[in-house]
Structure formats: structure tokens, C-alpha cells
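Novice:
Residue numbers (the working numbering): 1381 to 1523.
#1: When you compare each of 1479, 1467 and 1478 to residue 1502 by their alpha carbons, which one comes out closest?
#2: Evaluate contact between the stretch 1448-1457 and the stretch 1475-1483, counting only Cβ atoms and requiring at least three cross-stretch pairs below 8 Å.
#3: For residue 1445, which residues of its own chain have a beta-carbon under 8 Å away from its beta-carbon, when the five flanking residues on both sides are left out?
#4: Counting pairs of Cβ atoms below 8 Å between the stretch 1394-1407 and the stretch 1508-1520, do you hit three or more?
#5: Determine which residues share a DSSP beta bridge with residue 1492 and list them.
#6: What separation, rounded to the nearest whole angstrom, lies between the Cα atoms of residue 1419 and residue 1405?
#7: Taking the C-alpha atoms as reference points, what is the distance between residue 1461 and residue 1393?
#8: In terms of alpha-carbon separation, which member of 1427, 1429 and 1516 lies closest to residue 1456?
#9: Decide if residue 1518 is buried, meaning its Cβ has at least 16 other Cβ atoms within 10 Å, or exposed.
#10: Which complete alpha helix (DSSP H) runs does the stretch 1397-1451 hold, if anything under 4 residues is left out?
#11: Using a Cβ-Cβ cut-off of 6 Å (strictly less than) and excluding sequence neighbours within five positions of residue 1437, which residues of its own chain qualify?
#12: Helix, strand or coil: which one does DSSP assign to residue 1508?
Structure below.
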């Protein structure tokens, strides 16, 4: 009985291509919210942090690539692996700029201080390793 239920469950839920689409849509859309916020409120504060670290402030414009262009590419499934790499790198840089003090911390609810950053970073890496899958606007163009 348990074996039959398990087999029925597996038949209903074994859809790796849909899983790839769901992963791409989830991380792409969620990151777009960050990008839209940067468009609305500016990136001056990011530029200031970069300058404080001895880096040129114009690098802050890279946030538009990492938080708008790459999520769109991930969502539509074009240059997905490359976009996901840039996406993950963007998260890594952002974490190094603003999150290093949270590395050994827990929130009030017991979550790791860098939980969101880790989730976005590892999601980007997962998409990079999995690729776009079958459901893209450019099916057959990318493996």
C-alpha cells in the first residue's frame, strides 16, 4: 500500500523541467523587486559604500545589471547560466559590502543573519548549474 502511494506521488510530482521553471521564476521575480527599488530610490548609498572601501563609485551601476538585467534573462531563459553566475556574484559583492557583520549572528527568530543572502546566492548557483530547462521563451537554444 505504501509503495503504491509513493509511486502515485512520484508520478504526480516528477517534473524536473517544471521545477527549473519554478526556480527561475521565483528567484528572478524576487530579485527584480530589489532592482526596481534601486531604480526608484537611487544607488547613491551603494556608491558611497564603494568609495568608502577605496573602490570607484561608478561600480554601483553594476547593481542594475545584477538586479534587473540578469533576473529578466533568468526569467525568460536566455543566457541563463551566465546570467545566474552574474546574479550570484552580485549577491556575493552585496553581502561583502553590507552583510559581513551578520556572519556569526542569529535573528530574533533563530534564523542565520545572512539567511536571505545565502538563499539568493545558492539559488543563483543552482540555476547556473541546472540551466534554463525546457520551458523558456528560447526553447532549444540553451542546454
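We put the CB at the ideal spot given by N, CA and C, even for glycine. In this text, all values refer to a predicted model and were calculated from it rather than measured experimentally.
Specialist: On the basis of the coordinates in this document:
#1: 1467
#2: In short, these stretches do not touch, since the Cβ pair count stays below three.
#3: Excluding positions up to five away in sequence, the list reads 1466 and 1470.
#4: yes
#5: Its beta-bridge partners are 1486.
#6: 21 Å
#7: 25 Å
#8: 1516
#9: exposed
#10: 1424-1432
#11: The beta carbon of residue 1437 is closer than 6 Å to those of 1427, 1430 and 1431 in its chain, skipping five residues each way along the sequence.
#12: helix
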